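Peer 1:
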Amino acid sequence: MASAVKWTERYRPTSLKEILGNGKAVDELLAWANSWERGAPIAGAVILYGPAGTGKTSAALALARQFGWDWIEMNASDARTAGAIQKIAGPASQSRTFSGQRRLVILDEADNLHGTADRGGAAAMLKLVRDTSQPVLLIANEYYEIEKPLRDAAKGIQFRSVRSTTIAQALREICKAEGIACDPDALMLIAERAGGDMRSAVNDLQAAAEGSRELKLEDVATAERDVKSSIFKVLEIIFKGTSAREALQASYDLDESPEDLINWVDENLPLAYQGEDLWHGYESLARADIFLGRVGRRQ
Ligand SMILES: Nc1ncnc2c1ncn2[C@@H]1O[C@H](COP(=O)(O)OP(=O)(O)O)[C@@H](O)[C@H]1O
Ligand SMILES: [Mg+2]
Numbered sequence: 002m003a004s005a006v007k008w009t010e011r012y013r014p015t016s017l018k019e020i021l022g023n024g025k026a027v028d029e030l031l032a033w034a035n036s037w038e039r040g041a042p043i044a045g046a047v048i049l050y051g052p053a054g055t056g057k058t059s060a061a062l063a064l065a066r067q068f069g070w071d072w073i074e075m076n077a078s079d080a081r082t083a084g085a086i087q088k089i090a091g092p093a094s095q096s097r098t099f100s101g102q103r104r105l106v107i108l109d110e111a112d113n114l115h116g117t118a119d120r121g122g123a124a125a126m127l128k129l130v131r132d133t134s135q136p137v138l139l140i141a142n143e144y145y146e147i148e149k150p151l152r153d154a155a156k157g158i159q160f161r162s163v164r165s166t167t168i169a170q171a172l173r174e175i176c177k178a179e180g181i182a183c184d185p186d187a188l189m190l191i192a193e194r195a196g197g198d199m200r201s202a203v204n205d206l207q208a209a210a211e212g213s214r215e216l217k218l219e220d221v222a223t224a225e226r227d228v229k230s231s232i233f234k235v236l237e238i239i240f241k242g243t244s245a246r247e248a249l250q251a252s253y254d255l256d257e258s259p260e261d262l263i264n265w266v267d268e269n270l271p272l273a274y275q276g277e278d279l280w281h282g283y284e285s286l287a288r289a290d291i292f293l294g295r296v297g298r299r300q
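Encoded structure:
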């Protein structure tokens, strides 16, 4: 992307009021935070769950800001996280007394615990959620991929896909702020293509409109071919992306069979990585190949 600033960051909601299309979730979140402020939490932890790009992370950050809470954000699927947060939020922690300050512990990818964390990590996470001395906020895409004991120990708050008309409206505000004259039909087309994922809509708008003074319907309509991901774009995400989920998502947009994708990765891996990283890459690829073989046999 040409710009140094991603519009998804520039226009990230900074207050809960700015979280669009998820009023019920925001209300539940507020009630939970207020209960912590009163010193009688209705739950130690909440789980914000729902599709990507619907405002979960933004809501978590806006909440901390709104309540003047300190916050720390970690990846729950990282095996080292459980130990680290135990120190901050474990039952023995008196950090509230020392600093007089609450600290919101934000744990992203909580539906991914069985991926990289060992069993001990998952158990530590559960213990933490049950006994925490600080508000804990888990984020997940798939609620039912979170282990049941963890689900039972926390309060679930559902985020839903954002409606196209709501997304289009938000895109219009961005166009205004950027000084770009945007055709409403073009914005509606971008919004509809995003399928409820606001992050992807804002990214598509930036790709199509940044640097222009005007965005016309045909700019977006002709962009359709570019949007259909090329194999090279997907390889870039697989090799340089920040999460496995992102890579998986990108592969869905690709018009290639999984077998062909594996071949592409196989051929390009040594160009992207060396040494131990390359070795890990081949190891993952071999696993993918095995799983694919199993799927093939079952069908
Ligand atoms: N409900 C929403 N209201 C306003 N903007 C949103 C919303 N959901 C997503 N966005 C936009 O998408 C970006 C990514 O949102 P994020 O909160 O990280 O989504 P999630 O954590 O659910 O994947 C935000 O910075 C913002 O630009
Ligand atoms: Mg997020």
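Read the sequence shown against our numbering and you will find it ends at 300, with the numbers running on by one and no gaps.
Think of the CB as a built atom: it goes at the ideal place given N, C-alpha and C, for glycine as much as any other residue.
Note that the coordinates shown come from a computational prediction; the quantities given were computed from them, not determined experimentally.
Quick check on DSSP: helix, strand or coil for A46?
Peer 2: The answer is strand: DSSP assigns A46 an E or B state.
Peer 1: By DSSP, does A5 sit in helix, in strand, or in coil?
Peer 2: Correct three-state label for A5: coil.
Peer 1: In this structure, what does DSSP give as the bridge partners for Q159?
Peer 2: Paired residues: Y50.
Peer 1: Using only the alpha-carbon positions, how far apart do W33 and N142 sit?
Peer 2: If I take the Cα positions, the gap works out to 20 angstroms.
Peer 1: Say whether the region 153-168 touches the region 190-210, bearing in mind that this needs 3 or more beta-carbon pairs closer than 8 angstroms, one atom from each stretch.
Peer 2: In short, these stretches touch, since the Cβ pair count reaches three.
Peer 1: With H, G and I counted as helix, E and B as strand and the rest as coil, what does DSSP make of D184?
Peer 2: The answer is coil: DSSP assigns D184 none of H, G, I, E or B.
Peer 1: Between which two residues does the alpha helix (DSSP H) containing L249 stretch?
Peer 2: L249 -> alpha helix (DSSP H) spans A245 to Y253.
Peer 1: I believe L216 touches A209 by the beta-carbon criterion, under 8 angstroms. Please report the beta-carbon distance rounded to the nearest angstrom.
Peer 2: 6 angstroms between Cβ atoms; contact.
Peer 1: Among the residues of its own chain, which have a CB less than 6 angstroms from the CB of K7, if the five just before and after it don't count?
Peer 2: Cβ neighbours of K7 beyond the five flanking positions: none.
Peer 1: Given a threshold of 16 other Cβ atoms within 10 Å of its Cβ, counted over all protein chains shown, does P185 qualify as buried or as exposed?
Peer 2: Answer is exposed; the Cβ neighbour count stays below 16.
Peer 1: Keeping to the same chain, check which residues put their C-beta closer than 6 angstroms to that of W70; ignore five residues upstream and five downstream.
Peer 2: Hits under 6 angstroms: R103 and L105.
Peer 1: Quick check: is any heavy atom of ligand 1 less than 7 angstroms from the C-beta of Y12?
Peer 2: Yes; taking the cut-off as 7 angstroms, the Cβ of Y12 has a heavy atom of ligand 1 nearer than that.
Peer 1: Let me know the secondary structure DSSP gives R39 once reduced to three states.
Peer 2: It is coil, neither helix nor strand.
Peer 1: Candidates Q159, C183 and V27: which alpha carbon is nearest D220's?
Peer 2: Among Q159, C183 and V27, the Cα nearest to that of D220 belongs to C183.
Peer 1: Measure the C-alpha to C-alpha separation of R131 and A155 and round it to an integer number of angstroms.
Peer 2: Cα-Cα distance, rounded: 8 angstroms.
Peer 1: Excluding the five sequence neighbours on either side, which residues of its own chain have a C-beta within less than 7 angstroms of the C-beta of A202, listed in chain order?
Peer 2: Excluding positions up to five away in sequence, the list reads I168, L172, I191, A192 and A195.
Peer 1: What does the alpha-carbon distance come out to for the pair P14 and V137?
Peer 2: If I take the Cα positions, the gap works out to 21 angstroms.
Peer 1: Express the C-alpha separation of E284 and I48 in angstroms, rounding to a whole number.
Peer 2: Whole-angstrom Cα-Cα distance: 32 angstroms.
Peer 1: Does any CB atom of chain C fall closer than 8 angstroms to the CB of I291?
Peer 2: Chain labels in this structure do not include chain C; a single protein chain is all it has.
Peer 1: Taking K241 as the reference, give the member of S78, L270 and A187 with the closest Cα.
Peer 2: When each option's Cα is compared against that of K241, the closest is L270.
Peer 1: Taking N113 and A61 to be in contact with their CB atoms under 8 angstroms, please state how far apart those CB atoms are, rounded to whole angstroms.
Peer 2: 17 angstroms between Cβ atoms; not a contact.
Peer 1: Helix, strand or coil for N23, going by three-state DSSP, please let me know.
Peer 2: Three-state DSSP puts N23 in coil, outside helix and strand.
Peer 1: What does I73 pair with, by DSSP beta-bridge criteria?
Peer 2: Partner(s): V106.
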